[in-house]
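Residue numbers (this note's numbering), protein chains in the order written: chain A, 1139 to 1638; chain B, 26 to 520.
Every residue, glycine too, gets a C-beta built ideally from N, C-alpha and C.
Down below is the structure, laid out as structure tokens.
Written as structure tokens, this is what we have:
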């Protein structure tokens, strides 16, 4: 399995080319081909899950090839616990999203080709260990995303697509400048992230400070952290269901992944210096602000979108603490949010396909009309609000435990926000699924087999991880311990207290 | 090696081929019945010239015609680039509907003459030769820009070009005469030595500053650098489309070549470790970095509002001149390498965008963004996808060649720690994406209106676009040959 990561990353691209070569008029053939192109990735993911060495926090399955010697750019791929969990999330969601896109009728070939290109971009970001390669994959996702939202999206799709594009690009160009500065800060010049990490103690303080901020802004736009979040509700609401799932499930994680992969180990000093304000305080504000905004939404999809902002706040908060609980909670929350929000968007998509609107006040009593559907809704909603026994509870508790050790006032604010989450989730549940049946929608059909197949794996994962979180926690435990130590040991303990 | 007039001729084959070819085309037009094949003949002539530039008798580094022009790998690089630009332009011209039946003999003859002038711009090492080359290029460009005499905008373009050009070259000539008065020499390298002596005695002498600023006017006008750029949008709009592409790519590259050849040996001294130091008391790099920032910002902000795609590309090419100047002001080998690299990818992506635009203009007769409406959905998907790649490459997005070009320019700036320039350029890339995306949006996101014609890709244009596209894609992922070529081409006098 020498080329495992390469295969995983580029098989979808191959699939995209095959899809493009298919005849235009046979839409079903295109759909099945797209589905078939995502399956090998999933199988390789399962193999990776089985064979990944959980006892060490170092890079595994490393592939290193020369690419452009004149610029010292390498084709360098590899995974540690952090990237493995994100790769698994991506390969898991991709086939489900293809299934969820089954009813796309317009430009089917283009849609699936772009979707598969997007998958290559996402997997590449999580597997790349050369900064230049990482950047190319990072930008590679912009293009398909722009078209997937812009062509197949809702009424305001053009605005949403360009807004997403421009916001991300602002972050990218900042990242580009910081990346090049980092390249020249080492002799010999290199983009090799592993080398850049090793040399971490040699970077000047001033350089660390501004480069960290430039990179952070780039990643914060993706998370999205307040005040860079305004692209998200537009993009999520306008995007077709499957693309919302990918956006919330995978793309948002790239922001936090980037911070953990690049900012943390390469600029530990700056991380310590800025972690409180940029991650803990901002994360806490994300939690509260996102929840309050979600509460005010009239559209189910934008409610879910704002809930994402709120939930990503936990990831930021957990990362900031640098404690084992907090960091493990943060990465677990990245994974859990990926599955739970994916379910939420899929569920909203189901009702939108049937009723062609998503007004929270336009329904009522769906529980008795669509019982199977409501079953899934209940699991997803209770997972989202952090009910014990379901996956998100574990990660949120871990984050809050870490935060309590780190800063009690922040922990208290963040913990209280759980009430807000329960508030908007239950309130939506009550207005849409409970109460008297809205006669207009009394005859809606329940879930089809395709929809059940899409939702069931996620529901199973949500339940299993609620009971046995170690299935995923074990993957990244050692990695995060190493990472946390790297950062905390950057300055002596006494200085740490001052910084905090 | 320093050759006198007669011995030089043996090393001067490309220029002789172009000069002879230019005359031959006129004669062929007059005396033979091959009017319809003149384009192919012109391409053959240029191809021979390019071949001669690469494989003809050459020397590693030498002066020809008593130090009037240089023969070095820097000149060869630009001769290749300019030759290929001329080839693509002629190729486009043969497939252009605007130019049907418009005196092909004169057209191709003048185009070849213009290319000859650009060859000299890239190799001149003497103020007088530089002036002659520049003026020669300008004169041919005026005629080509106004070639569609019956079109009011064409006439306007030519006249505007002429007036601006006249003023600019006048200013430049005055600047050159001041430099001559200060030093008593016209040779770039000698000028460098003598100016250093002058500057050492009279630091911050205003006369030196004025002389340089005036000299800059003529070259700055050729590369459409702010504040000498006002002619370009009108000229680009009024000129026949292949000529617009030619001016945007070839003329700009030749201008950059002359700019480097003049400023580096004459106004700075090589430190020997791949960097230069500007002339003492004359902070032209600071001045030029302000110019670079203003140029890219003005170009991009103005492009935002354009409805005509030709004008949009014109303003975008002003912005690209600004990007290229980033490599110019850092005074390092990596900056020059970045410029050379960028000219290659710029050639590919900008000519490509113009080639697709020409397809649309040929079949709709319109140049505005609306002409692209729903292009992908009305049978023009291949053209639309090609245009998408060219435009996003111009915007500097990976995995296209434009990104690599931009990465090298940024790298050169970051290496010298010129943060302000780096961040202004970064902000500009975001602005630029917005207007390129407007065309993309029109092609893909908007639905075609009933009655919009289908855009078919004919073989000739298809092959041209295909080749440019291949370059844009391949060099985006594997650019070792280009960067090695650029590296080898950094040899010029005074370096």
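- Min CB distance residue 1570 of chain A to chain B below 8 Å: no
How about residue 1296 of chain A: is its C-beta nearer than 8 Å to some C-beta of chain B? yes
For residue 1586 of chain A, count neighbouring C-beta atoms within 10 Å of its own C-beta (all shown protein chains included) and say buried if the count is 16 or more, exposed if not. exposed
### Task
Leaving out five residues on either side along the sequence, give the residues of the same chain with a beta carbon under 6 Å from the beta carbon of residue 1312 of chain A.
1352, 1355, 1356
Please confirm whether residue 300 of chain B has its beta-carbon closer than 8 Å to some beta-carbon of chain A.
no
To the nearest angstrom, how far is the alpha carbon of residue 319 of chain B from that of residue 312 of chain B? 11 Å
Counting only the same chain and skipping the five closest in sequence on each side, list residues whose C-beta sits under 6 Å from that of residue 1165 of chain A.
1246
* Identify whether residue 1585 of chain A lies in helix, strand or coil by the three-state DSSP scheme. => coil
Inset, instruction - Would you check if the distance between the CB atom of residue 463 of chain B and the CB atom of residue 410 of chain B is smaller than 8 Å? - result: no
task: Find the residues of chain A that neighbour residue 262 of chain B, judging by a C-beta separation of less than 9 Å, and give them in chain order.
output: Within 9 Å Cβ-Cβ: nothing; residue 262 of chain B doesn't reach chain A, min ~26 Å.
* To do: Quick one: measure Cβ to Cβ for residue 140 of chain B and residue 88 of chain B, integer angstroms, because I've assumed they're closer than 8 Å.
  => Rounded, the Cβ-Cβ distance is 22 Å, inconsistent with contact.
| The alpha helix (DSSP H) with residue 1295 of chain A in it runs from where to where? | 1295 to 1322
Cβ neighbour criterion (16 or more within 10 Å) applied to residue 91 of chain B = exposed
Quiz item: Interface residues of chain A around residue 211 of chain B at Cβ under 8 Å?
Solution: By Cβ distance, chain A contributes nothing, its closest Cβ being about 37 Å from residue 211 of chain B, past 8 Å.
Query raised in the report: Between the beta-carbon of residue 236 of chain B and the beta-carbon of residue 306 of chain B, is there less than 8 Å?
Result: no
*Could you say which of A:1469, A:1499, A:1583, A:1452 lies nearest to residue 1548 of chain A if we only look at CA atoms?*
A:1452
- Out of A:1530, A:1346, A:1504, A:1344, state which residue places its alpha-carbon closest to the alpha-carbon of residue 1472 of chain A. A:1530
is_contact[residue 423 of chain B, chain A] using C-beta, thresh 8 Å: yes
Determine the burial state of residue 1636 of chain A: buried for a count of at least 16 other Cβ atoms within 10 Å of its Cβ, exposed for fewer. Residue placement at residue 1636 of chain A cannot be trusted, given a pLDDT of 47 that sits under 50; what the coordinates show is reported in the next sentence. Exposed is the call here.
Original post:
Taking 7 Å as the cut-off, is the CB of residue 1494 of chain A close to at least one heavy atom of the ligand FMN?
Top reply: Among the components of this structure there are no ligands whatsoever, and the ligand FMN is therefore not found.
* **chain A contacts made by the segment 501 to 517 of chain B, where a contact means CB separation under 8 Å** => 503, 504, 505, 508, 509, 512
inquiry  = Under 8 Å, Cβ to Cβ, is there at least one residue of chain A near residue 466 of chain B?
reply    = yes
Q. Residue 398 of chain B by DSSP, collapsed to three states: which one?
A. coil
Legend entry - Contact list for residue 1400 of chain A against chain B, beta-carbon separation under 7 Å: Under the 7 Å cutoff, chain B gives no residues; its nearest Cβ is about 17 Å from residue 1400 of chain A.
Query - Cβ neighbours of residue 282 of chain B in the same chain (closer than 7 Å, five flanking residues each side left out) - result: 103, 146, 147
* If you count every other CB in all the chains shown that lies within 10 Å of the CB of residue 126 of chain B, and 16 or more means buried, which is it? -> exposed
**OP:** From the DSSP output, in three-state form, read off residue 333 of chain B for me.
**Re:** strand
TODO: Tell me, to the nearest whole angstrom, how far the beta carbon of residue 1262 of chain A is from that of residue 1278 of chain A; I am working on the premise that it is less than 8 Å.
DONE: 7 Å
(request) Mind checking the segment 233 to 254 of chain B against chain A and listing, in chain order, the residues whose C-beta falls within less than 8 Å of any C-beta there? (result) none
Any beta carbon from chain B within less than 8 Å of residue 1303 of chain A's own beta carbon?
yes
- request: Pull up the distance between the alpha-carbon of residue 65 of chain B and that of residue 1300 of chain A, whole angstroms please.
  value: 43 Å
*Would you call residue 1185 of chain A buried or exposed, if buried means 16 or more other Cβ atoms sit within 10 Å of its Cβ?*
exposed
**Study point:** At least three beta-carbon pairs within less than 8 Å, the segment 468 to 477 of chain B to the segment 435 to 452 of chain B
**Key:** no
CB of residue 1486 of chain A within 8 Å of CB of residue 1442 of chain A, strictly: yes
**Asked** Mind pulling the chain A residues with CB within less than 8 Å of residue 417 of chain B?
**Response** 1281
- Message: Please report the distance separating the alpha-carbon of residue 431 of chain B from that of residue 460 of chain B.
- Response: 18 Å
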